[in-house]
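In the UniProt record's numbering, the protein residues as written are 1 to 354.
All C-beta atoms in this analysis are idealised placements derived from N, C-alpha and C, irrespective of residue type, glycine included.
Okay, here's the thing in structure tokens:
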């Protein structure tokens, strides 16, 4: 080989070696043909400091009515992290995306993934303060070895009237490092039934309409975002959250060619994520685009240390943090949910990208 050719080979190999660390850091070592998406309402997950932002913030502080201390806060962080680690052990990989509801601020989310045993898994967080009167928001964590953030934004649900103030919807677009496909995640916590159906029903309808509008915009702007070319099968959309209603509600009567509620079958089988007056209710759900629906399975996670006997009724119920004003040391009154998604690695873009 000529000397010039040798130098050319050395230069190319050096350039490739330079690229490899960034490629591996973006989830290419090793490959995997599945994704795990988890959602969990973490029940009034405030920090212990009184920042004066809301009545709930004062209530859940060291000197507040709930006596929410630094020790209790980090005990909850570690218990929630233990549940996420349990999920990783059970299903063969750590959740790639974790959506959460009822968190006070970014400090809470960062404490969960960066101050516990989860820190070695490289989760990055996305959170925006919302106008909710109680000061609770939604947030999302994702593994930076698997996904790269493309965009994130809060989507306002609250109306013009000060009488209706609620959580924003969080929209995060993440590019899957191994395939280059962009996934859209929408984290929801729709208004509760407080005040009765006449008052709360229209509020949940407004939140659902806003979510559907975002999904429609994604589909309109990126009709083949899931798979480029003539065989495109639409964008990858995963809506997750606490919808404060069950799948048989008219709110979920959208066209299956647009979105599919993965919780519907589980609801029909009698499963649920909360327990109300001894009965399970499925109010936490994954609502996904058709291609995702065809290649996924939703699971209500039954983690042994997250449940306790329901002494007032038969069976078990989620082990919550407080029972009324009394601290009992659990994590949440909701069971977490998981979406197992099969992905097509034949779309692997290689180190040169698209």
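Distance between residue 320 and residue 86 (C-alpha atoms, nearest Å): A direct Cα-to-Cα measurement between residue 86 and residue 320 gives close to 18 Å.
Backbone secondary structure at residue 228 - three-state DSSP: Confidence at residue 228 is low in this model, with a pLDDT of 45, below 50, so the placement of that residue should be treated as unreliable; the coordinate-derived value is given next. The three-state secondary structure of residue 228, taken from DSSP, is coil.
Boundaries of the alpha helix (DSSP H) in which residue 152 is found, first to last residue: That residue, residue 152, is in no alpha helix (DSSP H); its beta strand (DSSP E) goes 147-155.
CB of residue 127 within 7 Å of CB of residue 139, strictly: Yes, these two residues count as a Cβ contact at 7 Å.
Extent of the continuous beta strand (DSSP E) to which residue 339 belongs: Residue 339 -> beta strand (DSSP E) spans 337-342.
Segment contact, 8 Å Cβ cut-off, at least three pairs: the segment 193-201 with the segment 174-182: No, the segment 193-201 does not touch the segment 174-182.
Residue burial classification, residue 276 (beta-carbon count within 10 angstroms, cutoff 16): When all chains shown are included, residue 276 counts as exposed.
Nearest residue (CA-CA) to residue 254, options 33, 205 and 318: Comparing Cα-Cα distances from residue 254 to each of 33, 205 and 318, the minimum goes to 205.
Residue 103 in three-state terms, based on DSSP: Three-state result, residue 103: strand.
Range of the contiguous alpha helix (DSSP H) that encloses residue 241: The continuous stretches of alpha helix (DSSP H) do not include residue 241, which lies in the beta strand (DSSP E) extending over residues 236-242.
Helix, strand or coil at residue 94 [DSSP, three-state]: Here residue 94 sits in coil by DSSP.
Cross-strand partners of residue 316 (DSSP beta bridge): 309, per the DSSP bridge assignment.
Same chain, Cβ closer than 6 Å to residue 314, neighbours up to 5 away in sequence not counted: Answer for residue 314: no residue qualifies.
Collapsed DSSP secondary structure at residue 32 in the structure displayed: DSSP places residue 32 in coil when its eight states are reduced to three.
For residue 199, the first and last residue of its enclosing alpha helix (DSSP H): Looking at the DSSP string, the run of the alpha helix (DSSP H) that includes residue 199 is 197-221.
Contact set for residue 380: own chain, Cβ-Cβ below 7 Å, skip 5 residues either direction: For residue 380 there is no data in the structure shown, the boundaries of the chain being 1 and 354.
Validate contact between the segment 289-296 and the segment 63-74 using beta carbons, cut 8 Å, 3 pairs: Under the 8 Å Cβ criterion, the segment 289-296 does not count as touching the segment 63-74, having fewer than three qualifying pairs.
Cβ pair count under 8 Å reaching 3, the segment 36-51 against the segment 93-108: The segment 36-51 is in contact with the segment 93-108.
Euclidean distance between Cα positions of residue 327 and residue 66: Near 7 Å, if we compare the C-alpha coordinates of residue 66 and residue 327.
7 Å Cβ cutoff met for residue 287 and residue 251: In terms of Cβ geometry, residue 287 and residue 251 do not form a close pair [threshold 7 Å].
Delimiting residues of the beta strand (DSSP E) encompassing residue 267: Where residue 267 is concerned, there is no enclosing beta strand (DSSP E), although the alpha helix (DSSP H) it sits in stretches over 264-268.
Limits of the unbroken beta strand (DSSP E) element including residue 173: First-last of the beta strand (DSSP E) with residue 173: 169-176.
Bridge-paired residues (DSSP) for residue 285: Residue 285 is bridged to 241.
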